[in-house]
Amino acid sequence: MIRMLIRVGINLLTAALGLLVAAWLIPDVKLEVGGFIVAVAVFAIAQSILGPFVFNMARKYADAILGGIGLVTTLLALFVATLFPGGLRIESPVAWVLAPLVVWIVTALGGWILALLFLREKANGAKSAAK
Numbered sequence: 001m002i003r004m005l006i007r008v009g010i011n012l013l014t015a016a017l018g019l020l021v022a023a024w025l026i027p028d029v030k031l032e033v034g035g036f037i038v039a040v041a042v043f044a045i046a047q048s049i050l051g052p053f054v055f056n057m058a059r060k061y062a063d064a065i066l067g068g069i070g071l072v073t074t075l076l077a078l079f080v081a082t083l084f085p086g087g088l089r090i091e092s093p094v095a096w097v098l099a100p101l102v103v104w105i106v107t108a109l110g111g112w113i114l115a116l117l118f119l120r121e122k123a124n125g126a127k128s129a130a131k
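Residue numbers (full-length UniProt numbering): 1 to 131.
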């Protein structure tokens, strides 16, 4: 249960970082302060739900895009997050190309690094307690 909560926290934190970095680097990506929490929550939930769906669809119909599932899922999650007013807006085709790349890179790297830090400590703590 603790491990799942850590993963949820990591997912939310990396989603927030990814959206902030995209808004900072890409001029046509707008993230409003009032809707930031909603945008992060919607993006994280959409990415969690769409990930397995996109994987299964790609495996069934388009094996060639299996490597790009993270990017496709990120693009779809960004689209879903833009449907909620007052949070995230992506205003140009170039931003629609760049935003998924930036958000995907930040969430992937952040997820790997934070999982390594937090889940390794948890595993080391469990080993110490067992001795």
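Quick reminder that beta carbons are idealized off the backbone N, C-alpha and C, glycines included.
Can you check which of these residues, the options, is closest to residue i by C-alpha distance?
i: Leu25; options: Tyr61, Leu119, Met1, Leu98; result: Leu98
i: Glu32; options: Ala108, Gly111, Thr82; result: Thr82
i: Ala22; options: Ile10, Val8, Ala39; result: Ala39
i: Ile45; options: Leu17, Pro27, Leu78, Val102; result: Leu78
i: Leu50; options: Tyr61, Ile69, Lys60, Arg59; result: Ile69
i: Leu12; options: Leu119, Arg120, Gly111; result: Gly111
i: Lys30; options: Leu116, Ala115, Ala95, Leu114; result: Ala95
i: Pro85; options: Phe53, Gly34, Leu109; result: Gly34
i: Ala41; options: Ala115, Leu114, Val80, Arg120; result: Val80
i: Gly87; options: Arg120, Gly67, Leu114, Leu20; result: Leu20
i: Ile113; options: Arg7, Ile2, Met1; result: Arg7
Can you give me the C-alpha to C-alpha distance between residue i and residue j, rounded to a whole angstrom?
i: Phe36; j: Met4; result: 23 Å
i: Ser92; j: Thr14; result: 24 Å
i: Arg59; j: Pro52; result: 10 Å
i: Gln47; j: Pro100; result: 12 Å
i: Ala115; j: Met1; result: 15 Å
i: Leu119; j: Ile90; result: 34 Å
Assign residue i to one of two classes, buried (16 or more other C-beta atoms within 10 Å of its C-beta) or exposed (fewer than that).
i: Phe43; result: buried
i: Pro27; result: exposed
i: Ala64; result: exposed
i: Val54; result: buried
i: Ala62; result: exposed
i: Gly18; result: buried
Counting pairs of Cβ atoms below 8 Å between the stretch 98-111 and the stretch 55-74, do you hit three or more? yes
With a floor of 3 residues, list each beta strand (DSSP E) that falls wholly inside the stretch 59-96, ordered by position along the chain. 88-90
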